[in-house]
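Notes to accompany the following structure.
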Amino acid sequence: MRLDDTCRWSRAMLSIVANAVALSLPLSFVGNEAAFARAPVQTPVLTASAIAVADKYSADAAQQIFNEGGNAIDAAVAIAFTLAVTYPEAGNLGGGGFMTLYVEGKPYFVDYRERAPAAASRTMYLDGKGKVVSGMSLVGEKAAGVPGTVDGMWQVHHRFGRLTWKQVLTPAIQYARQGFEVEPQLQQVREAEEKHYEGKTNFSRYFGALKAGTTFKQSELAQTLQRIADHGGREFYTGRIAELIAAQTRGSKWITRHDLQQYRAVWRQPIIANWHGYQVITAPPPSSGGIGLIQLLKMKENLRSRFADVPLNSPQYIHLVAEIEKRVFADRAQYLGDPDYYKVPVAQLIDEPYLAKRAAEVNPKAPSDTRSVQPGLGMVTAQRVSRVTANERAETTHYSVVDKWGNAVSNTYTINGYFGSGVVVEGAGFLLNNEMDDFSSKPGVPNLYGVVGSDANAIEPGKRPLSSMTPTILTRNGKLALVVGTPGGSRIFTSVFQVITDLYDFKMPANEAIAAMRFHHQLLPPNTIFWEPYRPIEGELAQQLQTLGYTLERQAFNGDVQLVKINGDTPEPVTDPRKRGVARVIR
Numbered sequence: 007m008r009l010d011d012t013c014r015w016s017r018a019m020l021s022i023v024a025n026a027v028a029l030s031l032p033l034s035f036v037g038n039e040a041a042f043a044r045a046p047v048q049t050p051v052l053t054a055s056a057i058a059v060a061d062k063y064s065a066d067a068a069q070q071i072f073n074e075g076g077n078a079i080d081a082a083v084a085i086a087f088t089l090a091v092t093y094p095e096a097g098n099l100g101g102g103g104f105m106t107l108y109v110e111g112k113p114y115f116v117d118y119r120e121r122a123p124a125a126a127s128r129t130m131y132l133d134g135k136g137k138v139v140s141g142m143s144l145v146g147e148k149a150a151g152v153p154g155t156v157d158g159m160w161q162v163h164h165r166f167g168r169l170t171w172k173q174v175l176t177p178a179i180q181y182a183r184q185g186f187e188v189e190p191q192l193q194q195v196r197e198a199e200e201k202h203y204e205g206k207t208n209f210s211r212y213f214g215a216l217k218a219g220t221t222f223k224q225s226e227l228a229q230t231l232q233r234i235a236d237h238g239g240r241e242f243y244t245g246r247i248a249e250l251i252a253a254q255t256r257g258s259k260w261i262t263r264h265d266l267q268q269y270r271a272v273w274r275q276p277i278i279a280n281w282h283g284y285q286v287i288t289a290p291p292p293s294s295g296g297i298g299l300i301q302l303l304k305m306k307e308n309l310r311s312r313f314a315d316v317p318l319n320s321p322q323y324i325h326l327v328a329e330i331e332k333r334v335f336a337d338r339a340q341y342l343g344d345p346d347y348y349k350v351p352v353a354q355l356i357d358e359p360y361l362a363k364r365a366a367e368v369n370p371k372a373p374s375d376t377r378s379v380q381p382g383l384g385m386v387t388a389q390r391v392s393r394v395t396a397n398e399r400a401e402t403t404h405y406s407v408v409d410k411w412g413n414a415v416s417n418t419y420t421i422n423g424y425f426g427s428g429v430v431v432e433g434a435g436f437l438l439n440n441e442m443d444d445f446s447s448k449p450g451v452p453n454l455y456g457v458v459g460s461d462a463n464a465i466e467p468g469k470r471p472l473s474s475m476t477p478t479i480l481t482r483n484g485k486l487a488l489v490v491g492t493p494g495g496s497r498i499f500t501s502v503f504q505v506i507t508d509l510y511d512f513k514m515p516a517n518e519a520i521a522a523m524r525f526h527h528q529l530l531p532p533n534t535i536f537w538e539p540y541r542p543i544e545g546e547l548a549q550q551l552q553t554l555g556y557t558l559e560r561q562a563f564n565g566d567v568q569l570v571k572i573n574g575d576t577p578e579p580v581t582d583p584r585k586r587g588v589a590r591v592i593r
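Residue numbering for the sequence shown follows my numbering, beginning at 7 and increasing consecutively.
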């Protein structure tokens with residue numbers, strides 16, 4: 007830094023400190039000038055703050071941040087970094103995600119999705135005969151995209167945080183350095199996944215000691231988090247951490263220092279639609295989730311006469327929803343991808359007349375022939391698709407945060423598969439994602455979740471892969487009503503849809519809506535309804551669906567919806583009973 011720059015910086019800092027003292031503000035605001043400028047103006051509009059998060063450690067971290075005067079954004083960033091330590095199967099530094107925000111009455115959306123490295127190519131996972139090489143996009147260094155989580159959190163905090171950057175990272179650093187007690191569920195996930203990485207990655211050397219009831223410490227990860235706290239988010243992309251990532255993948259000639267230096271999270275316009283008197287604020291491309299959610303909600307509304315007096319989760323209800331989902335997934339496969347590389351027809355896909363037309367195609371009595379269900383806007387590309395089994399897992403994590411000032415964060419982030427690619431960055435202690443599998447390795451060939459894509463989601467250097475993550479916020483008359491989201495791959499937006507309709511169409515209490523049965527259909531395999539182990543489709547219900555012509559298939563995982571519903575001026579956080587999440591009101 008030049009001398010004159012140093013002098014200007016020093017004078018600015020002295021002015022901030024002097025103003026902080028004069029206004030009796032805590033000096034935690036020093037070093038975050040934007041936060042200092044905003045701090046005095048907000049007035050509480052809710053009785054408390056509230057969180058619904060994936061584990062008790064991230065809940066404690068959020069409570070600490072709120073107790074120090076932080077807002078929903080500070081708490082959300084602290085939760086993200088804490089889950090990178092205590093929820094390693096899905097929380098991450100080496101992955102990416104999406105965040106929907108409602109701050110001081112305005113909606114925002116941050117895309118910090120991973121990007122394909124410069125060395126990526128559309129045929130990189132194909133053999134000499136043009137066939138997809140099994141597992142190549144799932145395990146090992148070349149399955150990883152350039153991580154986005156750290157830059158996403160850095161940008162969000164810089165723009166909207168109240169506390170200092172070091173404050174919001176402190177809980178995560180403490181958990182990494184001092185350790186946390188391993189939950190039985192975490193050990194079970196580790197044992198189930200370890201076999202996929204055996205002999206292929208360094209996973210067992212770092213995570214083989216994850217055993218229930220023991221204290222798990224991560225010294226390398228603590229050093230990494232301390233570097234990020236001391237030097238800012240760009241340290242991950244330009245400093246010592248970037249050197250370690252590049253060194254880890256040098257042998258495969260994959261993620262380079264240049265790839266990391268070029269990475270930036272992107273602020274995008276969220277998708278906003280009116281439904282039942284609410285504004286639904288949700289994820290735009292490169293997520294398919296927001297478009298899918300709006301299509302589901304609007305088509306169900308168009309079919310209200312068909313749904314009238316049909317009991318929730320009855321055979322006829324499941325059939326009608328499956329008919330809608332067929333058309334949503336046909337559109338998803340054809341039209342959706344990274345909007346920076348492909349013109350996604352967002353307005354057309356959520357246009358009221360278009361959705362009324364698509365809803366009119368639904369066969370109310372029997373499953374539509376799968377071959378007849380085509381993308382609705384034309385440009386149809388024939389796709390040959392192999393049948394796949396339901397071996398998908400809930401590898402993502404979601405959390406919902408509301409503060410007493412009426413700000414909200416709905417955040418979903420992921421390393422894709424449980425523990426991502428299974429590759430730990432040596433010397434840095436965090437896992438790299440296997441997000442490259444979310445591209446279409448070959449148009450028409452299913453990915454990990456059994457869904458297909460077209461050239462819109464083909465692999466290209468610098469491109470972000472298509473996602474289903476659906477962090478969503480509902481408002482009514484400019485006030486918060488609901489903050490919701492879930493992990494679950496292609497099941498994400500169908501799960502969010504079911505929770506929202508259970509809440510508002512069927513007037514269910516929030517805890518009942520989140521615990522209710524959830525099901526899923528995604529066009530392919532044909533006429534297949536997937537169900538969760540937590541609430542199976544069995545007995546007479548199963549028989550009736552099979553009589554209608556459906557195949558029933560048990561998926562290998564449960565969802566993990568986290569929501570905060572606002573009742574008047576009182577937040578009601580609810581966590582999914584399927585997992586180890588925590589809901590907490592913080593006064």
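All residues carry an ideal CB built from backbone N, CA and C; glycine is no exception.
Exercise. Looking only at C-alpha atoms, which of 568, 283, 583 and 224 sits nearest to residue 539?
Worked result: 583
Exercise. Below 8 Å, can you find three or more Cβ-Cβ pairs linking the region 308–327 to the region 538–553?
Worked result: yes
Problem set entry | CB-CB length for residue 207 against residue 434, believed under 8 Å | About 15 Å separates the two Cβ atoms, so there is no contact after all.
Exercise. So what does DSSP say about residue 10, is it helix, strand or coil?
Worked result: Confidence in residue 10 is poor, its pLDDT being 38 and thus under 50, which makes the residue's placement unreliable; the coordinate value appears in the next sentence. Looking at residue 10 - three-state DSSP - the assignment turns out to be helix.
Exercise. What are the residues that DSSP puts in a beta bridge with residue 117?
Worked result: 104 and 272
Exercise. Does DSSP classify residue 42 as helix, strand or coil?
Worked result: Bear in mind that the predicted position of residue 42 carries a pLDDT of just 42, short of 50, making it unreliable; the figure below should be weighed with that in mind. DSSP places residue 42 in helix when its eight states are reduced to three.
Exercise. Does the ligand ADP have even one heavy atom less than 7 Å from the beta-carbon of residue 288?
Worked result: In terms of ligand content, the structure shown is empty, and the ligand ADP therefore cannot be addressed.
Problem set entry | Cut-off 7 Å between Cβ atoms - residues of its own chain near residue 338, not counting five sequence neighbours on either side | 294 and 298
Problem set entry | Cα-Cα separation, residue 408 to residue 414 | 4 Å
Exercise. If you draw a straight line from the alpha carbon of residue 58 to that of residue 137, how long is it in whole angstroms?
Worked result: 43 Å
For this session: Measure the alpha-carbon distance for residue 156 versus residue 333 and round it to whole angstroms.
Result: 36 Å
Problem set entry | Between the CA atoms of residue 516 and residue 587 - distance to the nearest angstrom | 15 Å
Problem set entry | In DSSP terms, what residue 414 is bridged to | 108 and 408
For this session: Entirely within the region 201–266 and at least 4 residues each: give me those alpha helix (DSSP H) ranges in chain order.
Result: 209–213, 225–237, 241–244 and 246–255
Exercise. Which one of 326, 442 and 417 has the shortest CA to CA distance from residue 261?
Worked result: 442
Exercise. Is residue 551 helix, strand or coil when you go by DSSP?
Worked result: helix
For this session: Look at the alpha carbon of residue 569 and the alpha carbon of residue 77, and state the distance between them as a whole number of angstroms.
Result: 18 Å
For this session: Under the assumption that residue 186 contacts residue 79 (Cβ atoms under 8 Å), give the Cβ distance between them as a whole number of angstroms.
Result: Between residue 79 and residue 186 the Cβ distance is about 24 Å, and since that is not below 8 Å, they are no contact.
Problem set entry | Between the CA atoms of residue 184 and residue 404 - distance to the nearest angstrom | 25 Å
Exercise. Are the Cβ atoms of residue 473 and residue 211 separated by less than 8 Å?
Worked result: no
Problem set entry | Given 8 Å, three or more beta-carbon pairs between the region 109–117 and the region 190–207 | no
Exercise. Taking just the CA atoms, how far does residue 365 sit from residue 238?
Worked result: 49 Å
Exercise. What's the call for residue 139, buried or exposed, on a 16-neighbour Cβ count within 10 Å?
Worked result: exposed
For this session: Would you mind working out which of 374, 577, 488 and 240 sits nearest residue 554, comparing C-alpha positions?
Result: 374
For this session: Could you have a look at residue 495 and say whether DSSP puts it in helix, strand or coil?
Result: helix
For this session: List in chain order: all unbroken alpha helix (DSSP H) runs of 4+ residues lying wholly within the region 520–566.
Result: 545–554
Exercise. Helix, strand or coil: which one does DSSP assign to residue 464?
Worked result: strand
Exercise. Whose C-alpha, out of 116, 246, 84 and 251, is nearest the C-alpha of residue 173?
Worked result: 84
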